[in-house]
Structure formats: C-alpha cells, structure tokens
Amino acid sequence: MIRKLVNLKTTEYEHNFDKAALNALRALKGVDTLTNFVMNWTYVKWHLVELAGSNFHVTKESCPELYAQVRDVADTLDIVQLPEVYTEWGYFINAYTTGYKDSTLLVLYSGAVDLMTEEELRFIIGHEMGHIKSGHVLYHTMTQMFSNIISNVSIASPLVKPMYLALLYWYRMSEFTADRAGLLACQDVDAALNAVIKMSGFPSKYFDKMDRNAFMEQARDFQNRYGGFTDTAIKNISILNDSHPWTIMRAAELIKWIESGEYEKVLQSAKSKTCPVCKKAVADDATDCPYCGHKF
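Under UniProt numbering, the first residue of the sequence shown carries the number 1, and numbering increases by one thereafter.
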C-alpha cells in the first residue's frame, strides 16, 4: 500500500548536486532580473495557450483514471495544488512541467502512459511532481526559453549562452532530485528502475524479460570504470548542451540513494494515518484531523 508522506519536505530528499548548482545559478548576476522577466513575459503565456488549444486536457471528467493517478501522486508527495494535466502525442517515454506564477502544467506523452505499468507511471508522474514541489518549474521554463532564443535569434546567442549553459547544468542536477521524488511517489524500487530501463531504450518486445540486476550492475560498473579525469571530461563535454543526464548516470545516483538508507529514512520519517471520518491522510502523531476536526 502506498504511504502518504504527510509534511514531506524537499530538504529531506533533494540531491546535493541540485542544491549546489541552484545556489551557483542564483549567484549569477542578472538571474533575478531575468526571472522576473520570464514570470511576466508573453513567451510563457503563449506556451500555456498553445497547450490548451492543441493538447488533450486531462480532468476528473475527461479522463478519470489518469486524473485520479495524478491526484494520488500529488497526495502522496504532500502537494496540495494540483497542476493542470495535458497529454501530448509522442510514442516515447517522456513528460515535462511548465508554467508561470500560479499556473503550472504537467504534460504526459502518450508513449509514457501506454508503455509504462501503473507503478512505473507513478514514478514518471512523481518525477514531474518533484520538479513542482522543489520549485524547479520556473528555471526549467527559462531554460526552454533560452533554447528557443539561441536557435532562432543568432545575434543573441553570445549574450545568453553562458547563462544558458549554467541553467542546463543545474537542469541536469535537478533530475536527480526529481528521480528521488518519483521513487517516493511509487514506493517501489523495482518499478522505478524498470522505468529508467525503459527510458534507456530497452525494446518493448522484451519488457517481460527485463533483468534489473544486470542493469544495476551496468550502472555501478559505469561509475567505477569511467570515473577517471579523462573519462569525466568526456562525460561533461558530451552532455554540456543536454537538459538531462544519461539514464545510466541517473540509475547510478538513484541506486546510491537507495543503498545509503536515506530513501527508507524518508519513508519512515513521514508516517501517516487515515482519519476514520473524512478518510484523509494526516500525520501519524496528529491529535486532531486538520481537515474535519476529528479527535484521535
């Protein structure tokens, strides 16, 4: 049974690389100004309008099963405000969050919904919810905006490229935090690793023969075999312009977190119980239900 992580704090599971990179990013001159610019610029609103006009809007009425799964993941991670949810055509495993101010959207590609089991999809949805809970969405949106500027306005490229690369580096580090949130959402180590295996390109015809142990060994071996100075330089240069770390690197970081005992520690520290009256999850040590006032 999935445990609701009442009063879950992002500081309990955020990856150190994510926190360090975000602090370095915020220290860059001009970031605050650009942040406010992005918060109010038409670019963001434009994207929201495009999604509303071209993508399927998942609601309680239009697609109740998928909506309920998103709602349950949000409850599990103690996220009160549910983002608007849309689907997008693309037969690969992907999802993303975008938005501005109080308007946050979660977009699920049809391939992610079709190719994942229910537990694996919880990992994907939880990953994106982790970005929302950690406040990553604004900087992700800035990264997307800069990518468009560099692609379409060549004269602006030298001006924004340094900050764009800093954003990309942080973006990659934020994925490690989001993967941890995904695991906390599904609370199934096998499902989380299966999701990463599928994202790595594992053929769908062999899904029933998936070998997690072999994949975990590959992840550990990659860290050990390619950790030298030259190999590290190659890795850093290869992903310099990427928004995501390689899937093997993501798996290795997630496995390290699990084996460190920190994952189980977070689960144990966020124990909850169910109110017999309103059926809401409340903190295990609560004496009164904050929703209906019932006394335990």
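We treat Cβ as the ideally placed atom computed from N, Cα and C, and that holds for glycine.
Keep in mind that this is a model prediction, so the values were computed, not measured.
Cut-off 8 Å between Cβ atoms - residues of its own chain near residue i, not counting five sequence neighbours on either side
{"i": "Ile93", "result": "Tyr109, Gly111, Ala112, Leu115, Met116, Ile124, Ala195, Lys198 and Met199"}
{"i": "Asp284", "result": "Val6, Lys271, Ser272 and Lys273"}
For residue i, the first and last residue of its enclosing alpha helix (DSSP H)
{"i": "Val58", "result": "Premise fails: Val58 lies in the beta strand (DSSP E), Phe56 to Val58, not in any alpha helix (DSSP H)."}
{"i": "Lys256", "result": "Thr247 to Glu259"}
{"i": "Tyr67", "result": "Pro64 to Thr76"}
{"i": "Leu115", "result": "Ser110 to Leu115"}
{"i": "Met1", "result": "Here Met1 belongs to no alpha helix (DSSP H), and DSSP marks it neither H nor E."}
{"i": "Asp211", "result": "That residue, Asp211, is in no alpha helix (DSSP H); it is neither H nor E in DSSP."}
{"i": "Leu193", "result": "Val189 to Met199"}
Three-way DSSP call (helix, strand, coil) for residue i in this model
{"i": "Leu51", "result": "helix"}
{"i": "Lys19", "result": "helix"}
{"i": "Val6", "result": "coil"}
{"i": "Gly130", "result": "helix"}
{"i": "Val266", "result": "helix"}
{"i": "Leu121", "result": "helix"}
{"i": "Val80", "result": "coil"}
{"i": "Asp288", "result": "strand"}
{"i": "residue 300", "result": "For the chain, the structure presents residues 1 to 296; residue 300 sits outside this window and is missing."}
{"i": "Tyr13", "result": "coil"}
{"i": "Leu183", "result": "helix"}
{"i": "Lys271", "result": "coil"}
{"i": "Leu29", "result": "One point to set straight first is that residue 29 is Lys, not Leu, in the sequence displayed. If DSSP states are grouped into helix, strand and coil, Lys29 belongs with coil."}
{"i": "Ser151", "result": "helix"}
{"i": "Leu165", "result": "helix"}
{"i": "Leu106", "result": "strand"}
{"i": "residue 329", "result": "Outside the displayed span of the chain (1 to 296) sits residue 329, for which this structure offers no information."}
{"i": "Tyr91", "result": "coil"}
Same chain only: Cβ atoms within 7 Å of residue i, ignoring 5 sequence neighbours per side
{"i": "Glu14", "result": "Ser134 and Thr177"}
{"i": "His244", "result": "Arg172 and Glu175"}
{"i": "Met210", "result": "Asn194, Ile197 and Phe202"}
{"i": "Thr59", "result": "Tyr67"}
{"i": "Val282", "result": "Val6, Ser272, Lys273, Cys275, Cys289 and Pro290"}
{"i": "Lys4", "result": "Asp75, Thr76, Ser272 and Ala281"}
{"i": "Ser54", "result": "none"}
{"i": "Ser204", "result": "Leu115"}
{"i": "Phe56", "result": "Tyr86 and Thr87"}
Pairwise C-alpha distance: residue j and residue i
{"i": "Asn148", "j": "Leu77", "result": "32 Å"}
{"i": "Ala185", "j": "Gly126", "result": "5 Å"}
{"i": "Met142", "j": "Val85", "result": "20 Å"}
{"i": "His47", "j": "Ser62", "result": "22 Å"}
{"i": "Ala52", "j": "Leu105", "result": "10 Å"}
{"i": "Ser260", "j": "Val137", "result": "28 Å"}
{"i": "residue 298", "j": "Arg225", "result": "The displayed coordinates of the chain run from 1 to 296. Any statement about residue 298 would go beyond what the structure contains."}
{"i": "Gly227", "j": "Ala166", "result": "23 Å"}
{"i": "Thr287", "j": "Arg71", "result": "26 Å"}
{"i": "Ala27", "j": "Phe222", "result": "32 Å"}
{"i": "Asp231", "j": "Lys256", "result": "20 Å"}
{"i": "Gly90", "j": "Val107", "result": "11 Å"}
{"i": "Asn213", "j": "Ala95", "result": "26 Å"}
{"i": "Pro64", "j": "Leu82", "result": "14 Å"}
{"i": "Gln187", "j": "Phe296", "result": "27 Å"}
{"i": "Val49", "j": "Phe229", "result": "46 Å"}
{"i": "Asn16", "j": "Gln69", "result": "29 Å"}
Same chain only: Cβ atoms within 6 Å of residue i, ignoring 5 sequence neighbours per side
{"i": "Val277", "result": "Cys292 and His294"}
{"i": "Leu25", "result": "Ala166 and Trp170"}
{"i": "Thr10", "result": "Lys133 and Ser134"}
{"i": "Lys265", "result": "none"}
Host beta strand (DSSP E) of residue i (start-end)
{"i": "Glu88", "result": "Glu84 to Glu88"}
{"i": "Val277", "result": "Unbroken run through Val277: none, as it is neither H nor E."}
C-beta contact flag for residue i and residue j at 8 Å
{"i": "Arg180", "j": "Leu267", "result": "no"}
{"i": "Asp270", "j": "Asn7", "result": "Sequence check: residue 270 is Ala here, not Asp. Contact flag set, yes."}
{"i": "Gln218", "j": "Ile248", "result": "yes"}
{"i": "Leu193", "j": "Phe207", "result": "no"}
{"i": "Tyr169", "j": "Ala21", "result": "yes"}
{"i": "His140", "j": "Thr87", "result": "no"}
{"i": "Lys73", "j": "Arg122", "result": "Here residue 73 is Val; the residue named in the question, Lys, does not match the sequence. In contact: Val73 and Arg122 (Cβ atoms closer than 8 Å)."}
{"i": "Ile237", "j": "Trp246", "result": "no"}
{"i": "Ala191", "j": "Glu128", "result": "no"}
{"i": "Ile79", "j": "Ile132", "result": "yes"}
{"i": "Val99", "j": "Gly182", "result": "In the sequence on display, residue 99 carries Gly and not Val. No; because the gap between Cβ atoms is not below 8 Å, this pair is not in contact."}
Neighbour flag for residue i against chain D, beta carbons, 8 Å
{"i": "Leu108", "result": "Of the protein chains in this structure there is only one, and it is not chain D."}
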